[in-house]
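Let me begin by presenting the structure, written as structure tokens, before commenting on it.
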Amino acid sequence: MSLNVTGLHVGYATAQVLHGVDFTIGENETVALLGRNGMGKTTLVRAICGLRPPTITAGGITFGGVDITKRSSHQISRLGIAIVPQGRRVFGSLTTLENLSVIPQRKEIAGERWTVERVFEFFPRLAERQSSMARSLSGGEQQMLAIGRALMTNPSLLIMDEPSEGLAPSVLDVIHDRIEGLRGTGLSTLIAEQNVDLALDMADRVIILDDSGTIPWSGRADELRTDAALLERYLSI
Amino acid sequence: MAPASDPRGSGAGAPVLVIEDLGKRYGGVQAVDGISLVLEPGERFGVIGPNGAGKTTLFKMIAGDVTPTAGAVHLFGRDVTTMSTARRARMGVGRTFQISNLFREMTVLDNVRVAARGGTATARVFWRPQRAKDDASQRSLAALESVGLADRRDLTVANLSHGEQRQLEIAMALVGEPSILLLDEPAAGLSAAERTTLKALIEGLPRSLPILLIEHDMTLALGLTDRVMCMENGHHVVTGSPAEVRENETVREIYLGRRDKK
Amino acid sequence: MFEPVFLAQQVLNGLSFGALLFLLASGLTLVFGLMKIVNMAHGAFYLLGGYIGVVIAGLTGNLLLAVITAVIVVAATAFIVEVVLLRFVRGQELPEVLLTIGVSFVIADLCLAVFGGDPQNLPTTATIPGALMIGDLVYPWYRIFVIGVAVAIGLGLAFVQTRTRIGAVVRAGVDDREIISAMGVNIAWVFTGMFVVGAGLAALGGTIGSGMQSILPGVQNEVLLYALVVIIIGGLGSVTGAAVGSVLIGLIDAFAKAWIPELAYFTIFLPMALVLVLRPTGLFGRTA
Amino acid sequence: APPQAAEPEPDAGGGTEAAVSETLKVGYISPVTGNFAVAGQEMVDGWNLYWELNGNEVNGVTVETIVEDDAGNPEISLTKAAKLVEQDEVDVLVGPLLANTALAVAEYAESVGVPNLHPVAASDDLTQRNANGLTVRTGSMGGSQANYPGGEWAATEGGFDTAVTLCADYAFGWESCAGFVQGFQDNGGEVVEQLWFPNSTTDFSTYVSQIQAAGADMVYVATAGGAPGPNFLTSYLGLGLDMDKLLLNCCAADQGTLRAMGDQIVGLKSVSYWAEGRESEAVAELIEAYKEFSGGNVPGAYIAGGYITASLVASVLEEQGYLTGEELVSAITESTFEDNIFGRVSFDEYNNTVGPVYIREVVKRDDGNLYNTPIATYEDVDQWFGQDPEEALQQPNYSQDFQG
Amino acid sequence: MNRRMLVNLALLGLLLVVLLALPYFGVSNFVLGLASTILIAAVLASSVNFLGGDGGMVSLGHGAIAAASAYAVGWASRQGLDSMTQVLLALVVTLVVSFLYGLLSMRTSGIYFLMVTLALGMLIYGLAFRLSSVTGGENGISGIAAPGNLHEEWIYYYVVLGIFVITTGALWVVSSSPFGASLRGLRDSESRMRSLGYSVAQYKLSAFMISGTVAGIAGVLAVWHTNFVSPSSAGVERSVLLVVMVILGGIGTLLGPLIGAAVVVLVENVLSSYVDRWPTALGLIFILVILFARAGVAGSVPKVLAKLRGRSPSATPPGDRSSPEGTAVPDRNHNP
Ligand SMILES: Nc1ncnc2c1ncn2[C@@H]1O[C@H](COP(=O)(O)OP(=O)(O)OP(=O)(O)O)[C@@H](O)[C@H]1O
Ligand SMILES: Nc1ncnc2c1ncn2[C@@H]1O[C@H](COP(=O)(O)OP(=O)(O)OP(=O)(O)O)[C@@H](O)[C@H]1O
Ligand SMILES: [Mg+2]
Ligand SMILES: [Mg+2]
């Protein structure tokens, strides 16, 4: 299913952040959302997932043809959009295992269903810590758990807000490979990232946010990788 | 309580931090196991290792948040193993938290001000407005400037983006003018541009300031430090110069990613 | 004061008072202990449930019918309170406090207007008559019945909390309501449901409890205080804690009033103060 | 303070004398909401009932009542008293109910020169250490006074040699208990143990077990009304203990308790200045009226307190016409009121009721209601138990440690 | 500095002028007495407000602290001690009680703090009941006369007003000082404060002592006003109403306590003369305030004003006294 964002304006009580954002994510596609700190990546991600604040002041979002602009977050989730929130936000007073098993699973999915075992296979470290309280996990372990938790909903669009934060380099490879492996099962991915190398490796396409609150550039990942001027201009690399 | 003698001046060669056979056990989890380490004055020391290796726990034992189940910690020549966090902070331990730990309902500038006054008598002043243009306020502004948050100073922290909160975290550690600095993944959540600023910022700190740095960004972890230790599952794996560690077989196998190996 | 019969009786007194405390705290354990909703209207729900139970029991002489009616009416009231009022301040402690205090004032005052201020007890026709007799030991069946009900409810709560997903969902919702709903749980209704169940339990406590102690204006505050004490001593979120807290207070109350009567005024609050001074998050509370 | 502010309160008591009023304005303070609302409301109802029954115009004087609610809180009581005196310019304050509110208002009333009648408040000190020329206890008796005959009866006619007492652990309980204990001991009884329960007690089983363990001939119980009475009885009867051994004070066995407990307490004995089951024209008239007013209930002590207070006021107005201030007080305290609902009532020098005390037994009548019916009567009981008032006032206040 | 502050200052000034002029409007002693009652309740509420708004420690024991201080005055006056000694004794008692309270409640936070303070309040309440030789038991102590000519209603009113202004001003100064900022830091993150070198216990204890002292002052004012103290002053119901006043007015705001106190006192004492079911009315007021002004009356006024002006309110930090919309209503679910 594809995501369509058109003319999206989003803001908080105190400030308007996004001033007209348009893009789409097609089936099986991985899109990277790049931008410096504070440009509105999280704001966009939250708007898509129905998390308030911020509020959508204009424009619309459809997913698989369904208008989700005004839907509440649990309804959006049931349509197949899962989020790995920024800052992990695991359920601290639940054990690792409970964090996964508490998630309601969608039935209607194409590929192989996600189970707790499958997540543990993905991140063996979590299996070792399955009965620890999530709040006592290390930062990286929490990040793995947040990713595993999102997968447990059996999403068709996985939105990850800085999944690489706090993860050891070798784990990034694992994530890269596994997400790559999930393509073709119908899973699309939107990944907001600061680790540009990782993002460009994983993504087919890239959209960039800048301080105008719009998308000044979007295009193929390899285009961006090789264009030093663009990298310098929007990402200061 | 002021430190017995000025830590930075004390016996030029005496190690600032000595860790002996330190261990921490949580129920069935041995988070840190037999780590020893000596940090010389002015040394910059990196700690790396897979997730859950025990890096943060090690920091917490140095800072005083967690009491070790084995071994001892000496700071500036004093045994501080059971000393409270606050007293260690007043001895000059400055630190950042891996998971941002900020005053969410206060403004950015007030966060830094409270940090700037930490451990000093000025924090107890109750008859003057805290927003006065005193020394603490000036240092706070400078610290915000240095991490690039000056234009955000009047926002409430809860309204900051994640990366901005990470920057604030660093500013709060620096503003207290610590005698030893513990940085737990300072670059996490920062964009490439901000990372460059951070790198320059750390490089620009006085050479006399000893720094312990946990990072998963190898450019920083290996680029900013004189020596690096790699841990795994609480154990010590290897300690050496950044180059040695990068080439170490075990480190490459358990920790480094494709992009770093190149 | 140390004869076996006296001691046995006192133990039973302590246990049955503890059981009553647990009954009146059980609803709060869910709503406040688990969901962290500071429900100051809990006592008022107990009061309302008690009145309705007494009236129905008086009309029909049937305790079960009384309990069911009381639970339904109070649950419906709670449903309205939750959906119309509480939902708008969910998660904001102080507004929740003020709102539920307001609800409590209204319910208690209207109860006074409707049911009058006389103390009301479950009519004898609806209670369980007679007493257990073993040798010299005599003990009323009804109090033993109350212990039984408390145990049953405690086990039920523990089961829901630890063995079913709903318990974990609620705890997850307390940890991070936004994220659990982004994972597809309609947490607002889960909370509504729990709130309603909590109020229903208060009504059940009110009806059963009115066989042991009268319902009258003012009871709502007493019940709220006792219930808070019990779950605070036990530690928020812990059903075991609430159970232990109830029994502990019940026994301390029974024996202290006999052996150290000078402290009779303090049998409830002194133990709580001591526990909190030594263990700031209660006996079974997790240290943050 | 600003210099010219010397007269910011122009008309405090300025206009009252000019108007020769034929209206007796009564400020009536009572807790009609909150936790003491039943007692408070009954106290008001009793007063109103009298005027409804007999008309509120007596001998050309119209009695106008302004009821104020104090919710049982002394601070509110005082504000309301000030409001009644200053804004409504009442001639007399009646109430409030609770001991602490009553003492606070009595003191205020005296300071502004307004008479203060007390239909219910039972604190001994109201007419002892805190007595003043304007405060009259019209509708009840002091705690110790009303219970002394209970002790006397128990030791003599009751035929009990030993007693255990269970009383509320605060002033009213201490005073009631002291009355009983002195009456019992003065007549040869022995009190083997005294138990005290905190007012907040809801479960009395631990005390019932202690009573049982004490093994005395009889049990005396004093509560201040409300829940403790029924709660005690539930525990006591639940353990299968003997009701014939019980003697309760006024309030533990008041109508509220009777209605809550029902037929199981027929035969229960208690001691009080009010006995709704007494054969008397005045009582019958009140019962009749109250039943109609309340839909079938029988009046308890608080109704009676309000009612008799009204009847005393009415009867002095009838005799002497419009009266206020000290005149009103002395008109009441210098009269003897024959055969009103309490029986024969007069007043001592401290403005306290002197009257009969009844030993009562719960009886079920044909109308289906329970009545406290006298089985023994002690006439002209005063608050001094034969002591010299001056001497008695030298004693400390009654407490757990001092029971007389 | 900016326009909004000027407007606020002007409003404050206006309020003060009205309060100062009240006795000249020819109002009766009853009205003046009522005004004093409100101001005294406001002083007491502001002590709760300080601890709860800045320190995040909502106390259910402040009624009892004030009562302890009132009892000290009462006991001293019964011993025939002069008013200076009465006040001194009240101060000592207040400090001792606050110190013990602070010491015992220091390690707890949130609802546990609430419950410890509640328990301690109940202990004082129990003592007031039981220690009748000192406290007069349930009857309380009456006849406690205010010194000199303070019993003149209008003089006393000015005294109370003066003390209200002084305590409110003092709490405002403390709250906007570095010490106040440290308290707000503690409210938001104790662990961060520790790692910055703050001794959490010391700060909490000091805050408690400051707040307790203000409560003690209110106790003295109250007892001289009513000439009377009894256990009901120490009861939970009073303390609950104090917290209610604070939330109703807007926690962490300058005038919240005054507004909350005015509402509660007026409903109890005035509305109750006209409306029989006034507790229902009071309950409905709580509900309506929360539904339409979540941050309390004083906390929401700026937002409403901003809306009227067609602008959204700018982001000022909650719990910050220099901006009246500071509300510090903790939201358990953090936004990212
Ligand atoms: N709850 C909020 N209320 C008000 N403003 C907010 C809020 N959250 C974020 N902002 C502001 O909105 C802007 C965009 O924030 P956002 O979190 O979307 O940035 P981001 O691109 O995700 O940054 P980062 O890389 O640091 O996570 C920032 O300027 C931030 O200060
Ligand atoms: N309070 C605790 N209770 C139980 N286990 C804990 C606790 N704190 C940490 N651990 C465990 O100890 C191990 C070490 O944790 P630590 O946070 O030190 O790792 P880390 O090296 O910092 O990892 P990361 O790079 O992911 O931050 C982890 O496996 C973690 O689950
Ligand atoms: Mg972000
Ligand atoms: Mg870590």
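Protein chains in written order, with my numbering: chain X, 1 to 237; chain Z, 1001 to 1262; chain G, 2001 to 2288; chain S, 3001 to 3404; chain U, 4001 to 4336.
Even glycine gets a Cβ: it sits at the ideal position worked out from N, Cα and C.
Output yes if chain S places a C-beta closer than 8 Å to the C-beta of T4135(U); else output no.
Walking along the fifth sequence from the start, residue 4135(U) turns up at place 135. No, no contact with chain S.
According to DSSP, is S13(X) helix, strand or coil?
The count along the first sequence starts at 1 and reaches residue 13(X) at position 13. Residue 13(X) is actually Ala in this sequence, not Ser. Coil at A13(X), not helix or strand.
Return the residues of the segment 4055–4089 of chain U that lie within a Cβ-Cβ distance of less than 7 Å from chain G, sorted by chain order.
none
What are the boundary residues of the alpha helix (DSSP H) that includes H2042(G)?
As a working mapping, residue 2042(G) is identified with position 42 in the third sequence. Taken as a continuous stretch (DSSP letters only), the alpha helix (DSSP H) holding H2042(G) covers H2042 to T2060.
Say yes only if the C-beta of G1023(Z) is nearer than 7 Å to one or more non-hydrogen atoms of ligand 4, and no if none qualify.
Here the question's residue 1023(Z) lines up with position 23 in the second sequence. G1023(Z) Cβ: outside cutoff for every heavy atom of ligand 4.
Under 8 Å between C-beta atoms, does A4315(U) make it to chain Z?
Position 315 of the fifth sequence, counted from the first residue, corresponds to residue 4315(U). In this prediction, A4315(U) scores a pLDDT of 37, lower than 50, which makes its location untrustworthy; the coordinate-derived value is nonetheless stated afterwards. Cβ-Cβ to chain Z under 8 Å: yes for A4315(U).
What does the shell around ligand 3 hold, if a residue joins when its beta-carbon is under 6 Å from any heavy atom?
K41(X), T42(X), Q86(X), D161(X), S1161(Z) and H1162(Z)
Label H4334(U) either buried or exposed according to how many other C-beta atoms from any shown protein chain fall within 10 Å of its C-beta, with 16 as the threshold for buried.
On the fifth sequence, residue 4334(U) is found 334 positions in, with the first residue counted as 1. At H4334(U) the pLDDT is 34, less than 50, meaning the model places this residue with poor confidence and gives no usable figure here.
Consult DSSP for S4312(U) and reduce its assignment to one of helix, strand or coil.
As a position in the fifth sequence, residue 4312(U) is number 312, starting the count at 1. With a pLDDT of 42 at S4312(U), under the threshold of 50, the predicted position of this residue should be treated as unreliable, though the coordinate-derived value follows. Note: S4312(U) maps to coil in three-state DSSP.
Just to confirm the assignment: which complete alpha helix (DSSP H) runs, minimum length 4, are found wholly within the segment 69–143 of chain X?
73–79, 96–101, 116–122 and 124–128
Straight-line gap, V2093(G) to Y4101(U) (C-alpha atoms, nearest Å)
One-based indexing of the third sequence puts residue 2093(G) at position 93. One-based indexing of the fifth sequence puts residue 4101(U) at position 101. Reading the sequence as shown, one finds Glu at residue 2093(G) and not Val. Distance between the alpha carbons of E2093(G) and Y4101(U): 23 Å.
For A4315(U) and P1186(Z), I'd like the C-alpha separation in whole angstroms.
Residue mapping note: residue 4315(U) aligns to position 315 of the fifth sequence, counting from 1. Residue mapping note: residue 1186(Z) aligns to position 186 of the second sequence, counting from 1. Its pLDDT being 37, under 50, A4315(U) is placed unreliably in this model, and the value from its coordinates should be taken loosely. In a straight line, the C-alpha of A4315(U) is about 27 Å away from that of P1186(Z).
Pick out whichever of C49(X), N37(X), P155(X) and K41(X) has its Cα sitting closest to the Cα of I2179(G).
On the third sequence, position 179 is the one that residue 2179(G) refers to. The option with the nearest alpha carbon to I2179(G) is C49(X).
State the Cα-Cα distance for the pair T1949(G) and L2155(G), rounded to the nearest angstrom.
Coverage of chain G is limited to positions 2001 through 2288, which leaves residue 1949(G) absent and any answer about it impossible.
Give me the Cα-Cα distance between V4240(U) and L2098(G), rounded to the nearest whole angstrom.
Mapped onto the fifth sequence, residue 4240(U) falls at position 240. Mapped onto the third sequence, residue 2098(G) falls at position 98. Using only the alpha carbons, I get a separation of about 10 Å.
Is there a Cβ of chain G sitting closer than 8 Å to that of P4147(U), yes or no?
In the fifth sequence, residue 4147(U) corresponds to position 147, counting from 1. Judged by the 8 Å Cβ criterion, P4147(U) is not in contact with chain G.
I1035(Z) by DSSP, collapsed to three states: which one?
In the second sequence, the residue the question calls residue 1035(Z) occupies position 35. Looking at I1035(Z) - three-state DSSP - the assignment turns out to be strand.
DSSP bridge partner residues for W217(X) (one or two, in chain order)
Translated into the one-based positions of the first sequence, residue 217(X) becomes position 217. In the DSSP output, where bridge partners are listed per residue, W217(X) has I208(X).
Assuming contact is defined by CB atoms lying nearer than 8 Å, are V4267(U) and A4281(U) in contact in what I supplied?
Residue 4267(U) sits at position 267 when you count from the first residue of the fifth sequence. Residue 4281(U) sits at position 281 when you count from the first residue of the fifth sequence. In this structure, A4281(U) lies closer than 8 Å to V4267(U) by Cβ.
Would you kindly work out how many angstroms separate the C-alpha atoms of V2196(G) and A2076(G), rounded to a whole number?
Counting from one through the third sequence, the residue named residue 2196(G) turns up at place 196. Counting from one through the third sequence, the residue named residue 2076(G) turns up at place 76. Looking at the two C-alpha atoms, the distance is approximately 7 Å.
Check whether the Cβ of V1112(Z) lies closer than 8 Å to any Cβ atom in chain U.
Your numbering for residue 1112(Z) matches position 112 in the second sequence. Taking Cβ atoms only, chain U never reaches closer than 8 Å to V1112(Z), which makes this a no.
When you compare only the Cα positions, how much space is there between T3353(S) and D2136(G)?
For the purposes of this step, residue 3353(S) is taken as residue 353 along the fourth sequence, with counting starting at 1. For the purposes of this step, residue 2136(G) is taken as residue 136 along the third sequence, with counting starting at 1. The straight-line gap from Cα to Cα measures roughly 47 Å.
Among G3262(S), P3356(S), Q3194(S) and A3163(S), which one has its Cα closest to the Cα of D3217(S)?
If you number the fourth sequence from 1, residue 3217(S) lands on position 217. The residue with the shortest Cα to Cα distance from D3217(S) is A3163(S).
Return the residues of the segment 3351–3367 of chain S that lie within a Cβ-Cβ distance of less than 9 Å from chain G, sorted by chain order.
none
Which one of G3226(S), E3391(S), Y3236(S) and D3339(S) has the shortest CA to CA distance from G3256(S)?
Taking the first residue of the fourth sequence as 1, we reach residue 3256(S) at position 256. Per the Cα distances, G3226(S).
Determine whether the beta carbon atoms of A1173(Z) and T1085(Z) lie at a separation below 8 Å.
In the second sequence, the residue the question calls residue 1173(Z) occupies position 173. In the second sequence, the residue the question calls residue 1085(Z) occupies position 85. Taking 8 Å as the Cβ cut-off, A1173(Z) and T1085(Z) do not qualify as a contacting pair.
Closer than 7 Å to a non-hydrogen atom of ligand 2 - does that hold for the CB of T2281(G)?
Here residue 2281(G) is taken as the residue at index 281 of the third sequence, counted from 1. False, no ligand heavy atom lies under 7 Å from that Cβ.
What residue does the beta strand (DSSP E) around G1071(Z) start on, and which one ends it?
Walking along the second sequence from the start, residue 1071(Z) turns up at place 71. From DSSP, the beta strand (DSSP E) with G1071(Z) extends over A1070 to L1075.
Throw me the rounded Cβ distance for the A3289(S) and L3049(S) pair, which I believe falls under 8 Å.
Reading the fourth sequence from its first residue, position 289 is the one you call residue 3289(S). Reading the fourth sequence from its first residue, position 49 is the one you call residue 3049(S). That belief holds up - the Cβ atoms of A3289(S) and L3049(S) are roughly 6 Å apart, short of 8 Å.
What in chain G is Cβ-close to L3317(S), meaning under 8 Å?
One-based indexing of the fourth sequence puts residue 3317(S) at position 317. Within 8 Å Cβ-Cβ: nothing; L3317(S) doesn't reach chain G, min ~32 Å.
In terms of residues, what are the limits of the beta strand (DSSP E) holding D3339(S)?
As a first step, residue 3339(S) is located in the fourth sequence; it is residue number 339 there, counting from the start. Counting along the chain, the beta strand (DSSP E) containing D3339(S) begins and ends at F3337 to N3340.
So the candidates are P3119(S), A3039(S), L3166(S) and Q3185(S); which of them puts its Cα closest to the Cα of K2257(G)?
Taking the first residue of the third sequence as position 1, residue 2257(G) is located at position 257. Closest by alpha carbon: L3166(S).
Over the uninterrupted beta strand (DSSP E) stretch that includes F3222(S), give me the two end residues.
Indexing the fourth sequence from 1 puts residue 3222(S) at position 222. Before going on, a small fix: residue 3222(S) reads as Ala here, not Phe. A3222(S) -> beta strand (DSSP E) spans M3218 to A3222.
Using a Cβ-Cβ cut-off of less than 8 Å, give me the residues of the segment 2154–2186 of chain G that come near chain X, in sequence order.
R2165, A2168, V2169, R2171, A2172, V2174, D2175, D2176, E2178, I2179, I2180, S2181, A2182, M2183, G2184, V2185 and N2186
Is the CB-CB distance between A4041(U) and M4209(U) below 8 Å?
Here the question's residue 4041(U) lines up with position 41 in the fifth sequence. Here the question's residue 4209(U) lines up with position 209 in the fifth sequence. No, Cβ-Cβ distance for A4041(U) and M4209(U) is not below 8 Å.
Helix, strand or coil: which one does DSSP assign to T1103(Z)?
As a first step, residue 1103(Z) is located in the second sequence; it is residue number 103 there, counting from the start. Per the sequence shown, residue 1103(Z) should be read as Phe rather than Thr. Residue state, collapsed to three classes: coil.
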